[in-house]
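Below: the structure, in structure tokens.
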Amino acid sequence: KQEVTQIPAALSVPEGENLVLNCSFTDSAIYNLQWFRQDPGKGLTSLLLIQSSQREQTSGRLNASLDKSSGRSTLYIAASQPGDSATYLCAVRQAGTALIFGKGTTLSVSS
Amino acid sequence: EPEVTQTPSHQVTQMGQEVILRCVPISNHLYFYWYRQILGQKVEFLVSFYNNEISEKSEIFDDQFSVERPDGSNFTLKIRSTKLEDSAMYFCASSASLGGNTEAFFGQGTRLTVV
Chain A
15 KQEVTQIPAA
25 LSVPEGENLV
35 LNCSFTDSAI
45 YNLQWFRQDP
55 GKGLTSLLLI
65 QSSQREQTSG
75 RLNASLDKSS
85 GRSTLYIAAS
95 QPGDSATYLC
105 AVRQAGTALI
115 FGKGTTLSVS
125 S
Chain B
2 EPEVTQTPSH
12 QVTQMGQEVI
22 LRCVPISNHL
32 YFYWYRQILG
42 QKVEFLVSFY
52 NNEISEKSEI
62 FDDQFSVERP
72 DGSNFTLKIR
82 STKLEDSAMY
92 FCASSASLGG
102 NTEAFFGQGT
112 RLTVV
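Chains as they are written, first to last, in the numbering used here: chain A, 15 to 125; chain B, 2 to 116.
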């Protein structure tokens with residue numbers, strides 16, 4: 015059974031720092047991996063999707079990498095801002111339709 | 002920008018009552034999903050729906066739950082005889098296809114509180 019783990023559970027950084035969020039999954043047979051942002055009490059906003067054949071995707075200050083064979087993905091946030099404060103979730107899709115989520119990393123960026 | 006819309010944003014119901022959560026997926030999407038997130042826990046898959054039938058469901062999605070696409074735009078989740086442990090945020094999502102390059106887009110959620 016696929017398990018998705020995100021480390022750390024929480025992270026506090028000063029504004030301007032570059033940071034890395036980690037996601038690991040136990041079964042490497044995935045179709046894709048998606049990173050989401052969740053603000054408190056709100057829905058999930060899709061940030062980046064990486065297909066299983068890809069190594070990385072970039073969107074603005076965000077860069078996500080995927081090492082399928084080792085079951086790992088990272089989300090790199092450059093020059094962090096207070097507005098980046100949120101919970102970041104990763105989710106994988108295997109054969110089938112369901113996304114399997116990690117518990118998330120709650121990021122706090124102080125000004 | 003197209004978005005998934007959910008109503009209501011918050012629903013309070015008494016234990017044992019039936020609730021219907023409503024969603025309007027993105028208009029050209031073909032796959033629809035329901036997920037839930039109990040406070041402090043992971044987002045969990047409930048069910049997926051395609052071509053007017055359930056494609057996949059999790060162990061959570063038992064006979065208490067049902068889904069329906071009553072018309073060309075709405076997608077609903079019905080929870081019969083609600084229990085306290087059904088209190089959670091329920092998210093609807095949709096995607097255009099199941100291809101590896103296809104993102105799932107989520108709504109803002111309905112917070113269900115069972116008292």
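Note that the Cβ used here is the ideal one computed from N, Cα and C, for glycine as well.
Please read all numbers here as calculations on a predicted model, not as lab measurements.
Residue burial classification, residue i (beta-carbon count within 10 angstroms, cutoff 16)
i: B:V48; result: buried
i: B:Q38; result: buried
i: A:N46; result: buried
i: B:Y17; result: In the sequence as presented, Tyr is not what sits at residue 17 of chain B; that position holds Gly. By the 10 Å Cβ count, B:G17 comes out exposed.
i: A:V34; result: exposed
i: B:K79; result: exposed
i: B:G73; result: exposed
i: B:V13; result: exposed
i: B:L85; result: exposed
i: A:A93; result: exposed
i: A:S87; result: buried
i: B:P26; result: buried
i: B:I1; result: No information on residue 1 of chain B is available, as it lies outside the stretch 2 to 116 that chain B covers here.
i: A:R163; result: With chain A running from 15 to 125 in the structure shown, residue 163 of chain A is simply not present.
i: A:Q48; result: buried
i: A:G85; result: buried
i: B:L40; result: exposed
i: A:I91; result: buried
Presumed contact (8 Å Cβ cut-off) between residue i and residue j, rounded CB distance
i: A:S73; j: A:L61; result: 7 Å
i: A:T40; j: A:E70; result: No, A:T40 and A:E70 are not in contact; Cβ-Cβ is about 21 Å, not under 8 Å.
i: A:T101; j: B:E57; result: Contact doesn't hold; Cβ gap of about 26 Å is too wide.
i: B:V44; j: B:Y34; result: In fact, because the Cβ distance is near 11 Å, the residues do not count as touching under 8 Å.
i: A:L89; j: A:A105; result: Not really, about 12 Å apart at Cβ, beyond 8 Å.
i: B:N102; j: A:Q108; result: With a Cβ gap of about 16 Å, B:N102 and A:Q108 do not count as contacting.
i: B:Q109; j: B:Q42; result: No, B:Q109 and B:Q42 are not in contact; Cβ-Cβ is about 19 Å, not under 8 Å.
Those residues which DSSP pairs with residue i across a bridge
i: A:N46; result: A:Q65 and A:R107
i: A:A24; result: A:T120
i: A:N36; result: A:I21 and A:T88
i: B:D146; result: The displayed coordinates of chain B run from 2 to 116. Any statement about residue 146 of chain B would go beyond what the structure contains.
i: A:N77; result: A:T72 and A:Y90
Chain-order list of residues whose beta-carbon lies under 8 Å from that of residue i (same chain, five-residue window excluded)
i: A:S83; result: S42
i: B:S67; result: L78, K79 and R81
i: B:E19; result: K79, I80, R81, S82 and T83
Neighbourhood of residue i by C-beta distance below 7 Å, restricted to the same chain and skipping five residues each side
i: A:F115; result: V18, L103 and A105
i: A:P22; result: T119
i: B:S88; result: L113, T114 and V115
i: A:E31; result: S94
Close Cβ partners of residue i (< 6 Å) along its chain, the five nearest in sequence each way excluded
i: A:N36; result: I21 and T88
i: B:E69; result: T77
Inset, instruction - Check whether the region 26–37 of chain A touches the region 116–123 of chain A, counting contact only when three or more Cβ pairs, one atom from each stretch, lie closer than 8 Å. - result: Three or more Cβ pairs drawn from the region 26–37 of chain A and the region 116–123 of chain A lie within less than 8 Å of each other, which places the two stretches in contact.
Inset, instruction - Could you say if the region 26–33 of chain B and the region 85–101 of chain B meet the contact criterion of at least three C-beta pairs nearer than 8 Å? - result: A contact exists between the region 26–33 of chain B and the region 85–101 of chain B.
Inset, instruction - Could you say if the region 100–116 of chain B and the region 59–75 of chain B meet the contact criterion of at least three C-beta pairs nearer than 8 Å? - result: The count of Cβ pairs closer than 8 Å, one atom from the region 100–116 of chain B and one from the region 59–75 of chain B, stays below three, leaving the stretches out of contact.
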